[in-house]
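Read the structure below first, then the notes.
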Amino acid sequence: RKQQLKERTNASKKGKTTRKSGTSPPYRLSPELVNVTGKPILPRPQITQALWSYIRKHGLQNPKDKREILCDDSLRKVMGGNSKVTMFSMHKHITPHLLEKLDKSEYQHEEPDKSAEESEDEKKCR
Numbered sequence: 004r005k006q007q008l009k010e011r012t013n014a015s016k017k018g019k020t021t022r023k024s025g026t027s028p029p030y031r032l033s034p035e036l037v038n039v040t041g042k043p044i045l046p047r048p049q050i051t052q053a054l055w056s057y058i059r060k061h062g063l064q065n066p067k068d069k070r071e072i073l074c075d076d077s078l079r080k081v082m083g084g085n086s087k088v089t090m091f092s093m094h095k096h097i098t099p100h101l102l103e104k105l106d107k108s109e110y111q112h113e114e115p116d117k118s119a120e121e122s123e124d125e126k127k128c129r
């Protein structure tokens, strides 16, 4: 029975196609979003990554409900003037700040510095 289940799982995996990483198009960002992300051109996944980095760095997650983001002045400009948003509604507020879809050649992906993040996490554990 386990062998049949395993074969079915492998068969279903063969039919699926996987996307290559780095295939998201970059966008020119609004000045408000550049103020939060620190970069004028980013693809959507890196925008989300930069937003979460900003949220963690400034301690903007509601400690009682981690799904809520408590916006500071800079983030409030990006989130439509709301003082509180959920992590699920962030993307609808980001979309108007994506000013222009650019050619992929205009953006070079940079890996984030993991050592700085790890050291901050280690400090929190102490």
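Just remember that my numbering sits 3 ahead of the position in the sequence shown, which is counted from 1.
Think of the CB as a built atom: it goes at the ideal place given N, C-alpha and C, for glycine as much as any other residue.
From the DSSP output, in three-state form, read off P29 for me. Locating residue 29 in the sequence shown gives position 26, counting from the first residue. Secondary structure of P29 (DSSP, three-state): strand.
P46 - DSSP class collapsed to helix/strand/coil: For the purposes of this step, residue 46 is identified with residue 43 of the sequence shown, where counting begins at 1. When DSSP states are grouped into helix, strand and coil, P46 belongs to the strand group.
Whose C-beta lies closer than 6 Å to the C-beta of S27 among residues of the same chain, with five residues either side of it excluded? Locating residue 27 in the sequence shown gives position 24, where the first residue counts as 1. Non-local beta-carbon contacts of S27 in its own chain, meaning distances under 6 Å to residues more than five positions away in sequence, involve P46, R47, P48 in chain order.
Among E71, L63, L78, whose alpha-carbon lies nearest the alpha-carbon of S33? By 1-based counting over the sequence shown, the position of residue 33 is 30. Shortest Cα-Cα distance from S33 to any of E71, L63, L78 involves L78.
Got a sec? Which residues, its chain only, sit under 6 Å from K69 by beta carbon, not counting five neighbours each side? Numbered from its first residue, the sequence shown carries residue 69 at position 66. Excluding the 5 residues flanking it on each side, K69 has no same chain C-beta neighbour closer than 6 Å.
Span of the alpha helix (DSSP H), counted from its first residue to its last, around L78: As a first step, residue 78 is located in the sequence shown; it is residue number 75 there, counting from the start. Boundaries of the alpha helix (DSSP H) harbouring L78: 76-81, taken from the DSSP string.
On the three-state DSSP scale, how would you describe K60? The residue you call residue 60 lines up with position 57 of the sequence shown. Of the three classes helix, strand and coil, the one that applies to K60 here is helix, per DSSP.
Rounding to the nearest angstrom, what Cα-Cα distance links P29 and S108 in this structure? For the purposes of this step, residue 29 is taken as the residue at position 26 of the sequence shown. For the purposes of this step, residue 108 is taken as the residue at position 105 of the sequence shown. Approximately 9 Å between the Cα atoms of the pair.
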